[in-house]
Structure formats: structure tokens, C-alpha cells
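As C-alpha cells, the structure follows; a few thoughts come after it.
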Amino acid sequence: MSNHIKSMQSLSGEGSSTLGLRNLGFGVGLRPQHFPYLMKNDDPLVDWFEIISENFMDNHGYARHVLQHIRSKRPVVMHGVSMNIGSTDPLNWTYLHKLKELADVVQPEWISDHLCWTGFAGVNTHDLLPLPLNEESLMHVAGRVREIQDFLRRPLIIENPSTYLEFSQSELSEWEFLALLVEQTNCGLLLDVNNVYVSAHNHSFDATEYVRGLPHQNIVQLHVAGPTGVGDCLIDTHDQPVPTDVWRLYKLAQELTGGVATLLEWDANIPDYPELVAELDKAKAVLAGEAIQDVPIHRQSDDTPVLSTPVVF
Numbered sequence: 003m004s005n006h007i008k009s010m011q012s013l014s015g016e017g018s019s020t021l022g023l024r025n026l027g028f029g030v031g032l033r034p035q036h037f038p039y040l041m042k043n044d045d046p047l048v049d050w051f052e053i054i055s056e057n058f059m060d061n062h063g064y065a066r067h068v069l070q071h072i073r074s075k076r077p078v079v080m081h082g083v084s085m086n087i088g089s090t091d092p093l094n095w096t097y098l099h100k101l102k103e104l105a106d107v108v109q110p111e112w113i114s115d116h117l118c119w120t121g122f123a124g125v126n127t128h129d130l131l132p133l134p135l136n137e138e139s140l141m142h143v144a145g146r147v148r149e150i151q152d153f154l155r156r157p158l159i160i161e162n163p164s165t166y167l168e169f170s171q172s173e174l175s176e177w178e179f180l181a182l183l184v185e186q187t188n189c190g191l192l193l194d195v196n197n198v199y200v201s202a203h204n205h206s207f208d209a210t211e212y213v214r215g216l217p218h219q220n221i222v223q224l225h226v227a228g229p230t231g232v233g234d235c236l237i238d239t240h241d242q243p244v245p246t247d248v249w250r251l252y253k254l255a256q257e258l259t260g261g262v263a264t265l266l267e268w269d270a271n272i273p274d275y276p277e278l279v280a281e282l283d284k285a286k287a288v289l290a291g292e293a294i295q296d297v298p299i300h301r302q303s304d305d306t307p308v309l310s311t312p313v314v315f
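Here is the structure:
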């Protein structure tokens with residue numbers, strides 16, 4: 003374990019909840035469709051914002067201006083989709099330097115990315131692709147997480163992706179893999195309960211077993227979103243209201259963690275900003291034990307194209 007990670011442990015306390023990172027409350031993603039509303043209204047109606055890191059790298063135009071305005075009012079978290087942490091390619095130091103430069107400007111509460119690979123031989127697939135979950139992959143990913151944390155000089159927060167296939171070489175469940183990764187690197191976890199729900203449906207495992215099997219003291223953030231059903235598969239589309247079953251899983255995760263930051267993801271068919279905030283407010287109602295209207299999984303015909311990749315503008 004690197005000296006820097008040891009020093010972070012000594013500052014935050016070994017085993018302390020959320021690595022010493024605070025519960026930010028309830029937030030949404032910062033999307034261009036909402037820039038006019040946010041620039042015209044003093045109160046953004048939410049506690050914090052998450053940005054897609056790649057949208058603001060090398061961007062010194064209006065989007066950066068909006069980000070600086072928002073950052074003056076609310077905490078911001080940087081969430082990436084191109085770190086390529088599971089690839090066998092060398093780490094992309096050009097990308098990481100740009101990420102660090104952006105972090106120096108934004109001063110985010112934390113930086114997150116996904117347990118996946120996104121490219122090979124320098125080609126970005128613009129998708130979050132799954133890994134074989136075995137000891138070899140674990141050693142590979144853990145080494146890269148440690149190296150990135152040392153470079154960024156802050157803990158890296160790793161998110162579980164939605165998956166649509168599994169490898170025959172896998173020897174561990176995804177929650178076992180993440181628990182071992184945390185043990186070896188002291189990274190944080192971004193638990194996307196929608197992704198757990200989607201993957202559990204697609205691979206026929208128990209979503210509650212997944213959530214219960216994680217090291218809850220290292221979970222710093224939760225994602226909720228609405229998927230789409232296509233045939234026998236669920237697709238992580240981020241374009242629908244959060245279904246009731248995902249809210250139930252969210253409540254369990256909050257009970258197990260003791261309360262961490264909540265982020266509503268909505269990346270396509272994006273509603274007007276007040277409507278988006280109203281969907282986020284359901285999280286508060288769920289935690290208060292209030293009954294919310296039953297929301298089924300949105301289903302789409304098999305011949306309609308469905309996108310599951312993060313939106314980058």
C-alpha cells in the first residue's frame with residue numbers, strides 16, 4: 003500500500019465511514035439542457051452537482067463558465083467515463099493530467115470512475131465494458147487504482163457498472179471483487195443501485211445479497227436511475243423515472259451505509275429542471291418512509307434502438 007494512501011487512512015481514521023468524505027445530501031448531474039435555468043435562478047434546489055469529467059476537459063467556453071458559477075454555490079463531484087481502469091493498455095497519462103488539472107480548478111469533493119474497460123490499443127469504445135472477475139484482474143486493477151490515487155493525491159471512487167454478459171473465467175462475484183479491491187487499495191465505492199438491479203436481473207443473482215456483501219464503510223455515494231426493459235434484458239438507459247424496485251434497493255443501501263450522498267442520473271429524454279428535482283425529492287420521501295406512487299420498469303419493443311452509454315457533449 004502506498005505511503006499516500008496510508009496517510010489518508012491516518013487522517014480519516016482506519017475503517018471510518020466514507021473515508022472521511024462527507025454526506026453531500028441530494029444532487030443531480032449538471033447537464034447543458036439545464037444551463038439556462040441554473041444561470042437565471044439563484045437557488046439550484048439541490049445540495050450538490052455531479053459533472054461528467056470529460057465534458058469539461060479542454061473546455062474553456064460557456065460550459066466552463068456555468069460550472070464555475072455552480073461551483074461557487076454548491077459542492078461538485080467529478081465523475082469520469084474514460085479512465086479505462088480495467089484495460090491492459092498502459093494508463094493514459096495525458097488523460098490523467100487533464101483530469102488533475104480540472105480537479106485543481108473545480109476542487110471536487112471526490113473523483114469517480116467505473117470498474118470497467120473502455121478501450122484497447124488507444125481506441126475509445128465509448129462504452130463501459132465488463133471484466134473477468136478473478137484474481138488476475140483484481141491484481142491488475144488494484145495496482146492501477148493505487149497508481150492513480152497516488153497521482154491524483156486523493157482517494158479514487160469506483161462505481162459498479164451495469165453488465166449484459168459474464169465471463170466464464172470469473173471466479174468472484176462483483177461484490178466480492180469490489181470488497182477485495184477496497185481491502186487492497188482503500189478506494190471508495192460509488193454504489194449504483196440501479197446498476198445492481200439491472201445486472202441482477204440480467205444475470206439472475208440476488209440484488210440485496212450484492213448490496214449487503216459490500217464494505218459499507220467505503221461507500222461514499224449512491225446513484226439511482228431509470229432503466230429500460232427490452233425483451234428479457236434490462237438496459238441502463240438513464241432516461242426514465244426511477245422504478246419502485248430500485249427505490250427499495252436504495253433504501254436498503256442507505257440503511258446499511260448510515261447515509262451517504264445521493265445522485266439522480268438522467269442522461270436522455272431529460273425533463274425540465276423542476277421536474278428533475280421533483281424526481282430527486284422522491285429519495286427524501288423514501289428515506290422518510292413515505293409511500294410513493296408505484297413505478298414499473300419502462301419497457302420498449304425489441305426493434306427500437308436503445309442506448310446505454312454515458313452522454314458526453
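Residue numbering for the sequence shown follows our numbering, beginning at 3 and increasing consecutively. Note that CB positions come from ideal geometry on N, CA and C, so glycine has one too.
Which class does residue i belong to by DSSP, given the choice of helix, strand or coil?
i      : result
GLN70  : helix
VAL213 : helix
PRO298 : coil
PHE51  : strand
MET141 : helix
ARG165 : Here residue 165 turns out to be Thr, not Arg, going by the sequence shown. If DSSP states are grouped into helix, strand and coil, THR165 belongs with coil.
LEU183 : helix
ILE272 : coil
THR246 : helix
HIS240 : coil
ASP283 : helix
GLY231 : strand
ALA293 : coil
GLN340 : Look at the range of the chain in this structure, 3 to 315, and you will see that residue 340 is not part of it.
ASP194 : strand
LEU224 : strand
PHE153 : helix
Here's the rule I'm using: 16 or more other beta-carbon atoms within 10 Å means buried, otherwise exposed. How should residue i be labelled?
i      : result
LYS284 : buried
ARG301 : exposed
THR120 : buried
HIS67  : exposed
ALA202 : buried
LEU167 : exposed
SER74  : exposed
TYR252 : buried
HIS128 : exposed
SER170 : exposed
PRO46  : buried
TRP95  : exposed
PRO77  : buried
PRO229 : buried
Apart from the five residues just before and just after residue i, which ones in its own chain have a Cβ nearer than 6 Å to its Cβ?
i      : result
LEU130 : HIS116, CYS118 and PRO163
PRO132 : THR165
ASP241 : ALA270 and ASN271
Who are the Cβ neighbours of residue i in its own chain at under 8 Å, not counting the five residues just before and after it?
i      : result
LEU278 : VAL30, HIS36, LEU266, TRP268 and ILE272
MET41  : VAL68 and HIS71
GLY231 : ILE237, ILE299, HIS300, ARG301 and GLN302
LEU154 : LEU98, LEU101, LYS102, ALA105 and ILE113
HIS205 : THR165 and GLU168
VAL222 : THR20, LEU21, LEU23, TRP112, ILE159, GLY190, LEU191, LEU192, VAL262 and ALA263
PHE318 : Because the chain spans 3 through 315 in this model, residue 318 falls outside it and cannot be assessed.
Go through its chain and collect everything with a Cβ distance to residue i's Cβ below 7 Å, but skip five positions before and after it.
i      : result
ARG146 : ILE87 and LEU93
PHE179 : LEU135 and LEU140
HIS39  : Correcting the residue type first, residue 39 is Tyr in the shown sequence and not His. Only TYR275 meet the Cβ criterion.
**Message:** Within 8 Å, do at least three Cβ pairs link the region 101 to 115 to the region 137 to 144?
**Reply:** no
**Message:** Does the structure place the region 291 to 299 close enough to the region 243 to 251 that three or more beta carbon pairs sit under 8 Å?
**Reply:** yes
**Item:** Cβ contact check for the region 213 to 222 and the region 254 to 266: 3 or more pairs under 8 Å
**Value:** yes
**Message:** With a threshold of 8 Å, are at least 3 pairs of Cβ atoms found where one atom belongs to the region 195 to 203 and the other to the region 86 to 99?
**Reply:** no
**Item:** Touch test, the region 39 to 53 against the region 177 to 197, Cβ-Cβ under 8 Å, three pairs minimum
**Value:** no
**Message:** At 3 residues or longer, what runs of the beta strand (DSSP E) sit wholly inside the region 51 to 134?
**Reply:** 78 to 81, 113 to 116, 119 to 122 and 125 to 131
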